[in-house]
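Following: one structure in structure tokens, then a few remarks.
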């Protein structure tokens with residue numbers, strides 16, 4: 004349960020602050036810049052890129068959930084082993 008709470012906290016933090024960080028730090032945008040300026044365009048491009056990334060992440064999460072369900076139903080692999088593998092993969096990719 005503690006692991007799921009930490010995962011939920013991480014996802015919530017990413018969803019809340021990730022877009023702002025992406026628009027400001029990655030794309031060097033400024034939401035308060037005048038319309039049509041390079042800073043404003045960078046800000047809007049960052050928002051669009053974060054949206055596309057979020058949609059791709061949602062698709063991967065759905066596919067991953069279906070794989071976990073299929074492995075739980077169709078094999079004798081213990082669900083906690085499958086879940087721990089996914090947690091390890093997620094932690095590893097977070098550090099990359």
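Residue numbers (my numbering): 4 to 99. Beta carbons: idealized from backbone N, C-alpha and C, even for Gly.
query	result
Out of curiosity, what's the CA-to-CA distance linking residue 54 and residue 13?	18 angstroms
List the whole-angstrom C-beta distance separating residue 22 from residue 32, where the pair is believed to meet the contact cut-off of C-beta under 8 angstroms.	Wrong, their Cβ atoms sit about 11 angstroms apart, outside the cutoff.
Between residue 98 and residue 77, what straight-line distance do the alpha-carbon atoms span, to the nearest angstrom?	32 angstroms
In its own chain, which residues sit with a C-beta less than 6 angstroms from the C-beta of residue 26, not counting the 5 before and 5 after it?	32, 46, 49 and 50
Can you give the Cα-Cα distance for residue 56 and residue 63, rounded to whole angstroms?	11 angstroms
Taking just the CA atoms, how far does residue 84 sit from residue 37?	52 angstroms
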